[in-house]
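Be aware that the sequence shown starts at 10, since it is given in my numbering, and climbs by one per residue. Just so it is clear, CB atoms sit at the ideal spot from N, CA and C, and this is done for glycine as well. Following: one structure in structure tokens, then a few remarks.
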Amino acid sequence: MPELSVAVFATDKDQRTLLQVMVDGTSVARTVCSHSTMPLAANDPGIHKTKALSPDVVLVDIAINDEVTALRTMQFLHQEMPEAAVFAVGPMTQPQLIVNSMRTGVREYIKRPTSTTDLLEAFVRLTATRRKAGRETTKKGKVFAVVNAKGGSGATTVAVNLALALQNAHHNTALVDLAPMGHCALHLNLRPNFTVTDAVTNLHRLDASLLESFMVRHDHGLQVLAGPAIPRMMEPSTSDFARLFDTMVGMFQYIVVDVSSRLDGAARLASSLAEKILLIAHADVASLWSAARVAQYLGENGSRERFGLVLNRYRKVGGFNEAETEAAIGAPVLWRIPNQYFAVSAAIDRGVPVMQQGNSEISRSIAGLAEHLTKDDLDVKRSAWSLFKTV
Ligand SMILES: Nc1ncnc2c1ncn2[C@@H]1O[C@H](COP(=O)(O)OP(=O)(O)O)[C@@H](O)[C@H]1O
Ligand SMILES: [Mg+2]
Numbered sequence: 010m011p012e013l014s015v016a017v018f019a020t021d022k023d024q025r026t027l028l029q030v031m032v033d034g035t036s037v038a039r040t041v042c043s044h045s046t047m048p049l050a051a052n053d054p055g056i057h058k059t060k061a062l063s064p065d066v067v068l069v070d071i072a073i074n075d076e077v078t079a080l081r082t083m084q085f086l087h088q089e090m091p092e093a094a095v096f097a098v099g100p101m102t103q104p105q106l107i108v109n110s111m112r113t114g115v116r117e118y119i120k121r122p123t124s125t126t127d128l129l130e131a132f133v134r135l136t137a138t139r140r141k142a143g144r145e146t147t148k149k150g151k152v153f154a155v156v157n158a159k160g161g162s163g164a165t166t167v168a169v170n171l172a173l174a175l176q177n178a179h180h181n182t183a184l185v186d187l188a189p190m191g192h193c194a195l196h197l198n199l200r201p202n203f204t205v206t207d208a209v210t211n212l213h214r215l216d217a218s219l220l221e222s223f224m225v226r227h228d229h230g231l232q233v234l235a236g237p238a239i240p241r242m243m244e245p246s247t248s249d250f251a252r253l254f255d256t257m258v259g260m261f262q263y264i265v266v267d268v269s270s271r272l273d274g275a276a277r278l279a280s281s282l283a284e285k286i287l288l289i290a291h292a293d294v295a296s297l298w299s300a301a302r303v304a305q306y307l308g309e310n311g312s313r314e315r316f317g318l319v320l321n322r323y324r325k326v327g328g329f330n331e332a333e334t335e336a337a338i339g340a341p342v343l344w345r346i347p348n349q350y351f352a353v354s355a356a357i358d359r360g361v362p363v364m365q366q367g368n369s370e371i372s373r374s375i376a377g378l379a380e381h382l383t384k385d386d387l388d389v390k391r392s393a394w395s396l397f398k399t400v
């Protein structure tokens, strides 16, 4: 992840120190200057120094009992340094203060007390937006996160087959197994020597070639970063995962992440980086009830509009109202995958996914999902066109 430079403004000494420590603790950003005053005019010495450093982020702590000054400062900083993103830190209990802050041009309003994760997520969002803006030149890969409403809904099955479909159609695809216990390698009959944990714990020296050595290659070139075979006591931090994904988006065109039932900072990070979050559910009450809760948890950091519901093992049944379901979960039904128990369970047992077994109703469905997810991609469109021309 490219390092972001941060200028901190906080009148309270303890809060200023705390914010600096937390900014530096994210590992994706570092404090370049900090100020105890709230600049309001161009002749303020603090503003001169800050402008000279041209920070990516200006973090302003809204002091209790002096909200008005903080608001004026934020507006001033936003005008003086339009290239920098202004982040406010303040209480969540005053909606009007949040609204007023946003009106000054603040990009993120972060709750106080603040955690390193809150800051990290805001930094990741900023980097992701900037990346999107500069995609034409930087060309980073796209992440698709696959999450289940509850265990057994089919997240791993969809992730594995979707990754194969993307690899078949466009090449340069990776599958990352973030599930609490990794099953992807089993589905693909692979015997990995390393796992995601090895990759993230070696991040201080992680580069593309080292990361590749932690991955295992499947037929036709799909690269797999396997999950742990035993649940881990010690989990790497969210910022470690952020670095992993940053390296991966520079290496692969598509990255499918099997999140399965994982619900923690890493799952949230994968969701906030993802182009689409595929929420795999069955069309029954318990599954849809869970789906709504999972979407709420993973979508708290603003990824709600990127959720798509995938109804797995789908059959038309009376009484199931799709529009009501979409409204209750707050996500549209993106895809329906047919119920093919024998084909799917035999595929898992043999370690040969349905996508590899040629034409079937389920492989067509998943290939269709891959096509749907990539339909707006510039280079995908181009290759489809040239294929068409040669016919
Ligand atoms: N489309 C499908 N049709 C029939 N059975 C399926 C389908 N998708 C998944 N399954 C079955 O559901 C079980 C759980 O799938 P899995 O992908 O492991 O779910 P999750 O990762 O969400 O826990 C698998 O053993 C598989 O046999
Ligand atoms: Mg799974």
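Straight-line CA distance for Val32 to Leu129? 8 Å
Give the straight-line distance between the Cα atoms of His87 and Glu331, rounded to the nearest whole angstrom. 44 Å
Is the segment 314-333 close to the segment 341-349, with three or more CB pairs under 8 Å? yes
Rounding to the nearest angstrom, what Cα-Cα distance links Ala188 and Glu76 in this structure? 43 Å
Name, in chain order, the residues that DSSP records as bridge partners for Val205. In the DSSP output, where bridge partners are listed per residue, Val205 has none listed.
Taking buried to mean at least 16 other C-beta atoms within 10 Å of its own C-beta, is Tyr263 buried or exposed? buried
Going straight from the alpha carbon of Phe254 to that of Val209, what length do you get? 10 Å
Sequence ranges, alpha helix (DSSP H) only - wholly within the segment 159-245, length at least 4: 164-179, 193-196, 205-210 and 217-223
Alpha-carbon spacing of Gln232 relative to Ser354, whole angstroms: 23 Å
Other residues of its chain near Ser280: CB distance less than 6 Å, five sequence neighbours each side excluded: Ala154, Ile286, Leu307 and Ser312
Going by DSSP, what residue range makes up the alpha helix (DSSP H) through Ser14? Unbroken run through Ser14 is the beta strand (DSSP E), Leu13 to Phe18; no alpha helix (DSSP H).
Specify which residues have a beta carbon nearer than 6 Å to any heavy atom of ligand 2, listing them in chain order. Ala164, Thr165, Ala188, His192 and Ser269
Going by DSSP in three states, Ile338 sits in which element: helix, strand or coil? helix
Host alpha helix (DSSP H) of Thr59 (start-end): Pro54 to Leu62
Using the C-alpha atoms, what's the distance from Val115 back to Leu80? 9 Å
Put Glu309 into one of helix, strand or coil per three-state DSSP. coil
Under a three-way DSSP split, which group does Gly34 fall into? helix
Three or more beta-carbon pairs under 8 Å between the segment 92-108 and the segment 217-232, yes or no? no
Nearest-angstrom Cα separation, counted from Ala178 out to Leu382: 12 Å
Would you kindly report the start and end of the unbroken alpha helix (DSSP H) that includes Arg277? Gly274 to Leu282
Looking at the structure shown, is Asn321 part of a helix, part of a strand, or coil, going by DSSP? strand
What is the rounded straight-line gap between the Cα of Met364 and the Cα of Asp228? 12 Å
May I ask you to check if the CB of Pro347 is nearer than 8 Å to at least one heavy atom of ligand 3? In terms of ligand content, the structure shown lacks ligand 3 and carries ligand 1 and ligand 2 instead.
With 16 other Cβ atoms within 10 Å as the buried cut-off, status of Leu62: exposed
Arg39 (DSSP reduced to helix, strand or coil): strand
State whether the segment 156-169 contacts the segment 296-306, with contact taken as three or more CB pairs (one from each stretch) at a distance under 8 Å. yes
I need the DSSP call for Ala51, collapsed to helix, strand or coil. coil
Under three-state DSSP, which class holds Lys384? coil
Can you give the beta carbon distance from Pro362 to His196, rounded, assuming they're within the 8 Å contact cut? 6 Å
Counting pairs of beta carbons, one from the segment 269-279 and one from the segment 170-177, are three or more of them closer than 8 Å? no
How many Å lie between Gly247 and Asp207 at the Cα? This sequence places Thr at residue 247; Gly is not what is there. Near 15 Å, if we compare the C-alpha coordinates of Asp207 and Thr247.
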